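Quick note on our numbering: the sequence shown kicks off at 25 and runs consecutively. Note that CB positions come from ideal geometry on N, CA and C, so glycine has one too. What you are looking at is a predicted structure, and each value in this text was computed from that prediction instead of being measured.
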Amino acid sequence: MVELDRLNQLMLDYLDPEVKLVLDVGKYTIEAGGKRIRPILMMEVCRMLSEGCERVAPLAVGIEYIHMASLLHDDVVDGALTRRGRPSANLIFGNQAVVLGGDYFYAKALWLYAVYGNLKAVELVSRAVMHMSQSQILELNSIGKILSEEEYLRIIDGKTGALFSASMGVGALMGGSPLYEEFYSIGLKVGRAFQLIDDALDYSGSEDQLGKPVGNDLKEGKCTYPLISVMSHLDIDWVMDRFGKGDTEELRRKVVSLGGVENTRERAKLEIKEVINYLKSFENSETLIEILESVVKRDR
Ligand code: FPP
Ligand code: MG
Numbered sequence: 025m026v027e028l029d030r031l032n033q034l035m036l037d038y039l040d041p042e043v044k045l046v047l048d049v050g051k052y053t054i055e056a057g058g059k060r061i062r063p064i065l066m067m068e069v070c071r072m073l074s075e076g077c078e079r080v081a082p083l084a085v086g087i088e089y090i091h092m093a094s095l096l097h098d099d100v101v102d103g104a105l106t107r108r109g110r111p112s113a114n115l116i117f118g119n120q121a122v123v124l125g126g127d128y129f130y131a132k133a134l135w136l137y138a139v140y141g142n143l144k145a146v147e148l149v150s151r152a153v154m155h156m157s158q159s160q161i162l163e164l165n166s167i168g169k170i171l172s173e174e175e176y177l178r179i180i181d182g183k184t185g186a187l188f189s190a191s192m193g194v195g196a197l198m199g200g201s202p203l204y205e206e207f208y209s210i211g212l213k214v215g216r217a218f219q220l221i222d223d224a225l226d227y228s229g230s231e232d233q234l235g236k237p238v239g240n241d242l243k244e245g246k247c248t249y250p251l252i253s254v255m256s257h258l259d260i261d262w263v264m265d266r267f268g269k270g271d272t273e274e275l276r277r278k279v280v281s282l283g284g285v286e287n288t289r290e291r292a293k294l295e296i297k298e299v300i301n302y303l304k305s306f307e308n309s310e311t312l313i314e315i316l317e318s319v320v321k322r323d324r
C-alpha cells in the first residue's frame, strides 16, 4: 500500500540521531514492520473530518515512535526474545541501548508534537503515555493472579487503549473538530478491542503469522480475557496448579475448548460495534469503519 510505504519512509526520514547506535536500534525496529494501525487511524479520523490532512503526517509518525518506544521498553521488562518474527532489539543491542533508544524515540515524538501539532496534541499524547506506563505497573503486580474482568479491562485500557485514544483524539483535533475528547474516548474502545484480539491470538494464533511465540500469557502468569471468561467452569485449584508454570498446554487447550477464544472475539466485536454506531452519524466514515472491522477480524 502506497500510504504505508510513505509512512515507513517518513519514519526513517524523521529519525536523525547523532549517535549511530540509536540509529541502528531505530532502523532495526522500523524495518521489522508492523501494522501501523495507530498512525493509520489518526490519519483516517483526520481525513474523515476535514480536507487536506497533510499536517497530521508528522504526528502520525510520532504516535508510531511512541508505540515503538513502548515495545522496546516492554521487551526489556518482559525479557522477550522475539518481536515481529525476528530476534528482539534487546537481544541484538542489549537492554541499555534499547531503553535509552526508546527514550530517544519518545522524546522525538514529543518534539514532533510540539513543532507540528499544538499544546493540546502534546497534552493528549502525554496523557496517554502516563496512562500506559501506570498500567504496565498494574500488569506487573498482577502476574500470577486470577483477575476479575474489571481488573483486566483496567490494565488493557491503559496499556493499549490509551495510545489508540491519543491516535483518534489527535486525528480529530488536527482535523479541526471540537469533538476530539469524544474521539479520545472511542479510541479507548478500539484499543480495548485490539488488545482483546491480541489476547485471543495468544491462545489460538500461529507463531508464524504473529511473529512472536504463542501461549506466552499463560506461561508468564498473565490472566487475560480467554481465561477470565471461562473461569466459572474451572476448578480454581486445578488452574493454579498450572497457571504461570512451565507446562501450560493442557490449561490452554481447556480454555480453548470451553470457548474462551470465541468469548474474547465476541467481547471485542461488542466494543467495535459501539464505535461504529457512533461513527455512522459522520459523513465519509466508510473507510474508517472498514479499518475498524478489520481490527476484530484479524488473525495476525
Ligand atoms: C505490549 O504488551 C506492551 C504494551 C502494549 C505497552 C507497553 C508500555 C510501556 C512499556 C510504557 C510506556 C513507555 C514509553 C516510553 C512510551 P504485551 O507484553 O502484552 O504484548 P507483547 O506480547 O506484544 O509483548
Ligand atoms: Mg511483552
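Closer than 5 Å to ligand 2: residues, by C-beta to nearest heavy atom, in chain order: 98, 102
Distance between beta carbons of residue 214 and residue 145, contact taken as under 8 Å: Rounded, the Cβ-Cβ distance is 19 Å, inconsistent with contact.
Any non-hydrogen atom of ligand 1 within 7 Å of residue 137 CB: no
Under 8 Å between C-beta atoms of residue 322 and residue 235: Contact: no.
- prompt: Does the beta carbon of residue 184 fall short of 7 Å from some heavy atom of ligand 1?
  reply: Yes, since a heavy atom of ligand 1 falls inside the 7 Å radius drawn around the Cβ of residue 184.
field: Any non-hydrogen atom of ligand 1 closer than 7 Å to residue 93 Cβ
entry: yes
- prompt: Would residue 154 be called buried (16 or more neighbouring beta carbons within 10 Å of its own) or exposed?
  reply: Counting Cβ neighbours within 10 Å, residue 154 comes out exposed, since fewer than 16 surround it.
message: Check this for me: beta carbons of residue 247 and residue 176, under 8 Å apart or not?
response: yes
task: Could you check the C-alpha separation between residue 80 and residue 272 for me, to the nearest Å?
output: One C-alpha to the other measures close to 45 Å.
query: Three or more C-beta pairs closer than 8 Å, one from the segment 176-187 and one from the segment 149-165: is that the case here?
result: Segment contact: the segment 176-187 against the segment 149-165, three or more CB-CB distances shorter than 8 Å; contact assigned.
message: Distance check for residue 70 and residue 52, CA to CA, integer angstroms please.
response: 29 Å
- prompt: Hey, how far is the Cα of residue 33 from the Cα of residue 57?
  reply: 12 Å
field: Cα-Cα separation between residue 135 and residue 282, rounded to whole angstroms
entry: 48 Å
field: Beta bridge counterpart(s) of residue 106 as assigned by DSSP
entry: 111
message: Just verifying my parser: in three-state terms, what is the DSSP assignment at residue 96?
response: DSSP places residue 96 in helix when its eight states are reduced to three.
- request: Please confirm whether any heavy atom of ligand 1 lies closer than 7 Å to the CB of residue 343.
  value: Residue 343 falls outside the range modelled here, since the chain spans only 25 to 324, and no answer is possible.
- prompt: With 16 other CB atoms within 10 Å as the buried threshold, where does residue 260 fall?
  reply: exposed
- prompt: Is the beta carbon of residue 213 within less than 7 Å of some heavy atom of ligand 1?
  reply: no
- prompt: Whose C-beta lies closer than 7 Å to the C-beta of residue 302 among residues of the same chain, with five residues either side of it excluded?
  reply: 210
field: Through-space distance from residue 165 to residue 188, alpha-carbon basis
entry: 23 Å
message: Can you list, in chain order, the residues of its chain with a C-beta nearer than 8 Å to that of residue 212? Leave out the 5 residues immediately preceding and following it.
response: 181, 185, 186, 188, 189
query: Along the chain, where does the alpha helix (DSSP H) that runs through residue 150 open and close?
result: 143-166
- request: Determine, using beta-carbon pairs with one atom in the segment 220-229 and one in the segment 242-256, whether at least three such pairs fall under 8 Å.
  value: Short answer: they touch.
query: Can you find a heavy atom of ligand 1 that lies under 7 Å from the Cβ of residue 14?
result: For the chain, the structure presents residues 25 to 324; residue 14 sits outside this window and is missing.
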